[in-house]
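Working notes, beginning with the structure itself.
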């Protein structure tokens, strides 16, 4: 039986990069078929294929780490760098939407009536639900830190409770935003205000849903005893992502909801 | 009556403060044994028959979908060319 004499991870050949790329094709061409011809077959196939790819790929990562022990300290270091770089790329993604917002709101054109918010736009009151949303996400930042400390102290009961609370707060945020979306007197097609508002808050909401899903996966893995007090990088990655989502909201709240109203 | 109230409080505490709702046995060691089996099977199939079914379904969906999508796209492109070749007469 051959054993490696180095601490790195030589991954088994895997079909998921290929299926991931193919499902991206199906998603994009599927969107075209839906937008232009109202046909949804390709899009549905793309959504199913991308979800199947994600499920199996990440399932394999769990197998390689928890069950096969491939995540040695150097490997974990690489994963940490990877997650940090990914989050940085997401920061740039949001930077684009904030750029668009500030470009239009700092120098309002005659088209908007020469001021911001534009004529005819009734912005949401930042002291109402948006403030509650801010409190909800800040609280979830506290509960996730509590989760981490409980995990490191091998406190199964408290880490489970704290993680459950974090997930509940994430869901609560999403529900509040959904209700806000149905109550806004303006839509995405209401000029540049509508566009910047819904693109920025919409993508943020999507990221909250992704983060909540990631945390839920961590909850399940925690129940299955995958995490140890010293090794729980999956959870740490979820926590970093969650804090990122929280910070983006703070920028959104201050820029678009508060200053922009 | 107060004693009953105190007893009720104790029962409430006891039922809540045992294990959390979902308490699973620690089966990590069994999984470790399964996935460390020296049988040459790659990790994406090593879990058993469900892995194989899921893998095949994903491949059919993606490769088949790609083939169908390209066919549909090509067919539509040719259709558009045909329509464009015969301009509608304007009265």
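Residue numbers (the working numbering), protein chains in the order written: chain W, 96 to 356; chain Y, 620 to 710. Ideal Cβ placement from N, Cα and C applies to all residues, glycine included. Here the structure is a predicted model, which means the values were calculated and not measured.
Item	Value
Considering only their Cβ atoms, is the gap separating residue 121/W from residue 659/Y smaller than 7 Å?	no
In whole angstroms, what is the alpha-carbon distance linking residue 333/W and residue 310/W?	6 Å
Apply the 10 Å Cβ neighbour rule to residue 287/W and answer buried if 16 or more other Cβ atoms are within range, or exposed otherwise.	buried
When the cut-off is 7 Å and only beta carbons count, does residue 114/W lie next to chain Y?	yes
Locate the alpha helix (DSSP H) running through residue 237/W, then write down its first and last residues.	224-247
With distances taken Cα to Cα, identify the nearest neighbour of residue 166/W among 105/W, 242/W and 275/W.	105/W
Report buried or exposed for residue 232/W, applying the criterion of at least 16 other Cβ atoms within 10 angstroms of its Cβ.	buried
Determine, using beta carbons only, whether residue 643/Y and residue 319/W come nearer to each other than 7 Å.	yes
Distance, Cα to Cα, residue 136/W vs residue 144/W?	12 Å
Tell me where the alpha helix (DSSP H) around residue 668/Y begins and ends.	668-678
For residue 272/W, which residues in the same chain have their Cβ closer than 6 Å to its Cβ, ignoring the five residues on either side in sequence?	300
Is the CB of residue 643/Y under 7 Å away from at least one CB in chain W?	yes
Could you tell me whether any Cβ in chain W is nearer than 7 Å to the Cβ of residue 698/Y?	no
With a threshold of 8 Å, are at least 3 pairs of Cβ atoms found where one atom belongs to the segment 177-194 of chain W and the other to the segment 117-134 of chain W?	no
Using a C-beta to C-beta distance shorter than 7 Å, which residues of chain Y count as neighbours of residue 328/W?	Here the premise fails: no neighbours, minimum Cβ distance about 16 Å.
Excluding the 5 residues preceding and the 5 following residue 663/Y in the sequence, name in chain order all residues of the same chain whose CB lies nearer than 8 Å to its CB.	670 and 674
Would you mind reading off the limits of the alpha helix (DSSP H) that contains residue 171/W?	168-201
Listing by chain order, which chain Y residues have their CB less than 8 Å from the CB of residue 162/W?	647, 650, 651, 653, 654 and 655
What three-state label does DSSP hand residue 286/W in the structure shown?	helix
For residue 657/Y, count neighbouring Cβ atoms within 10 angstroms of its own Cβ and tell me buried if that reaches 16, exposed if not.	exposed
Just checking residue 345/W against the ligand GDP - is the residue's beta carbon closer than 6 Å to any of the ligand's heavy atoms?	Of the ligands one can find in the structure shown there are none, so the ligand GDP has no counterpart to examine.
Check whether the Cβ of residue 706/Y lies closer than 7 Å to any Cβ atom in chain W.	no
Express the C-alpha separation of residue 255/W and residue 638/Y in angstroms, rounding to a whole number.	Only weak support exists for where residue 638/Y lies, its pLDDT of 48 falling under 50; the value from the coordinates is given anyway. Answer to the nearest angstrom: the Cα atoms are 10 Å apart.
Three Cβ pairs or more, each shorter than 8 Å: is that satisfied between the segment 292-299 of chain W and the segment 340-350 of chain W?	yes
Assuming residue 219/W and residue 275/W form a contact by the criterion Cβ under 8 Å, report the distance between their Cβ atoms to the nearest whole angstrom.	7 Å
For residue 99/W, which three-state DSSP category applies?	coil
Nearest chain W C-beta to residue 662/Y closer than 7 Å, yes or no?	yes
Which residue's Cα is closest to the Cα of residue 159/W: 205/W, 195/W and 108/W?	108/W
Expressed to the nearest angstrom, what Euclidean distance is found between the alpha-carbon atoms of residue 353/W and residue 238/W?	26 Å
Does the distance from the C-beta atom of residue 118/W to that of residue 681/Y stay below 7 Å?	yes
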